[in-house]
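Asks:
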Amino acid sequence: MRYKSFYIKIKSVDNLIRQDKQGSDICCKGYEVEIFDSEEKLKLDEISIAVGFEILK
Numbered sequence: 012m013r014y015k016s017f018y019i020k021i022k023s024v025d026n027l028i029r030q031d032k033q034g035s036d037i038c039c040k041g042y043e044v045e046i047f048d049s050e051e052k053l054k055l056d057e058i059s060i061a062v063g064f065e066i067l068k
């Protein structure tokens with residue numbers, strides 16, 4: 012997907028690990044996001060976002 016002068020790849024994942032308020036690791040659903048230059052040759056960044064943590068349910 013193109014966004015302004017970037018190319019973005021978004022992939023659904025089921026195995027992101029986050030810590031709850033008690034400090035326990037939990038497995039979450041979410042997305043892996045890769046951000047590339049306009050020609051999709053140079054990876055600029057890669058992030059993960061988990062449902063219930065970085066994004067709402």
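Adding 11 to a residue's 1-based position in the sequence shown gives its number in my numbering. Beta carbons: idealized from backbone N, C-alpha and C, even for Gly. Because the structure is a prediction, the values reported are computed rather than measured.
1) Could you spell out the range, first to last residue, of the beta strand (DSSP E) harbouring residue 54?
2) Assuming residue 46 contacts residue 56 (C-beta within less than 8 Å), just tell me the rounded distance between them.
3) Helix, strand or coil, according to DSSP, for residue 31 in the structure here?
4) The beta strand (DSSP E) with residue 37 in it runs from where to where?
Replies: The short version:
1) One-based indexing of the sequence shown puts residue 54 at position 43. 54-61 is the span of the beta strand (DSSP E), which, as asked, contains residue 54.
2) For the purposes of this step, residue 46 is taken as residue 35 along the sequence shown, with counting starting at 1. For the purposes of this step, residue 56 is taken as residue 45 along the sequence shown, with counting starting at 1. Their Cβ separation, rounded to whole angstroms, is 4 Å, which keeps residue 46 and residue 56 in contact under 8 Å.
3) Along the sequence shown, one-based indexing puts residue 31 at 20. It is coil, neither helix nor strand.
4) As a first step, residue 37 must be located in the sequence shown, where it is residue number 26. Here the beta strand (DSSP E) through residue 37 covers 36-47.
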